[in-house]
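Everything on this sheet refers to the single structure shown next.
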Ligand code: ATP
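In UniProt numbering, the protein residues as written are 1 to 383.
As structure tokens, then:
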């Protein structure tokens, strides 16, 4: 059993703004937990506190129910894989992997070490490279050696700090599936830090999203995608990102840039007292009405400014008038998300049958049940 519990963890560097602010998170035995968020959100700091490389300012860290705040890193028995691999250049691949076993002096016989290193090398397809030095390996192979060194010990948990960020896109995809396979096979509790949402969505049993040191949501990848709790999570998860459209509230009707949507039930209640909301619609939920049937859909027509064809996907871009009342809120959100500024165009992920061209005035439709409605002040998802 290796559970990890974070209870109200705070980290302050000096007397500045907390880098990690009151984070509570339970990671179950065998669970693959992802920490994700934009640069500077505190994810590495959190991981470094778990492994013992940073002091915890306040709060409790428990491993298997035991408080370990004051335990030295080596006594926590956690295996960490760093972004820069941290291999020993003068040692062979074999000796790099064997290193933690040799460090536990007298604990493992030579035969045992050989057998453990060989098992790890087999799993990571390194067995033909055991006598090489790190300088003679590719980036992907070096990454595998770093992982071999982490898995060779009987650690309580694996901690990964952006382990794939130095690899090119193709290798990253390949290593991603290897890490997923390895973690499932070994069933070891894992915490994995990344700012890459593809890694977050594909690797994790659950994903914890952080913004400025504060935990926003912890959920399965599907739940994060389908039921984000606020604007930040909605904007961070998904590529291309969710469309955020300004909407005026007029009684029980939402007035969007191209259409009006009647609302009822609990949402109508929650809209009371609000003049403006932000409507979130994922690009794939807006359909080209000339090829897709959307029963009970809201229909609208709009001029397509630009199209993009990527082979397996095609997108249409539809500009709209900015609503100044909400635009400043969206700009602020964009900065939080490390974005590039004004969002005044809608992206539609077109059906492969769609033949919309740039400049066309086309008919679109969406199912209002797929719409998210956010409070522009608090960012809360009201749907
Ligand atoms: P990145 O993805 O860029 O690595 P991150 O989410 O891992 O970012 P952290 O490295 O944990 O973020 O940093 C969180 C905040 O704490 C940042 O504002 C950073 O500037 C600050 N910080 C990190 N390490 C230190 C330090 N040693 N001294 C002072 N401030 C620090």
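We put the beta carbon where it would ideally sit given N, CA and C, even for glycine.
query	result
Rounded straight-line distance, which links the Cα of residue 129 to that of residue 145	10 Å
Exposed unless 16 or more other CB atoms sit within 10 angstroms - verdict on residue 323	buried
Selected residue, minimal CA-CA separation from residue 281, among 366, 275, 328	366
Cβ neighbours of residue 342 in the same chain (closer than 8 Å, five flanking residues each side left out)	The pLDDT assigned to residue 342 is 48, lower than 50, so where the model puts this residue is not dependable, and the model offers no usable value.
Contact set, the ligand ATP heavy atom to C-beta under 6 Å	13, 19, 37, 39, 40, 41, 42, 43, 44, 45, 195
For residue 111, the first and last residue of its enclosing alpha helix (DSSP H)	110–123
Residue 250 versus residue 293 - alpha carbon distance	28 Å
Three-state secondary structure assigned by DSSP to residue 384	Outside the displayed range of the chain (1 to 383) lies residue 384, so it cannot be described from this structure.
In chain order, each beta strand (DSSP E) run of at least 3 residues that lies wholly inside the region 268–327	276–281, 286–288, 298–303, 306–309, 314–319
Cross-strand partners of residue 79 (DSSP beta bridge)	158
Beta bridge counterpart(s) of residue 248 as assigned by DSSP	255, 276
Alpha-carbon spacing of residue 265 relative to residue 319, whole angstroms	31 Å
Three or more C-beta pairs below 8 Å linking the region 68–78 and the region 250–264	no
Exposure label - residue 269; buried when at least 16 CB within 10 Å	exposed
Candidates 161, 376, 288: closest to residue 34 by CA position	161
Whether residue 139 touches residue 232 by CB criterion (8 Å)	no
Straight-line Cα distance separating residue 304 from residue 149	53 Å
Residue from 309, 374, 361, 166 with nearest C-alpha to residue 243	374
Cβ distance (whole Å) where residue 127 is taken to contact residue 136 below 8 Å	The pair is not a contact, with the Cβ atoms about 16 Å apart (cut-off 8 Å).
Residue closest to residue 229, alpha-carbon to alpha-carbon, out of 355, 217, 188, 166	217
Buried or exposed (CB count within 10 angstroms, at least 16 for buried), residue 295	exposed
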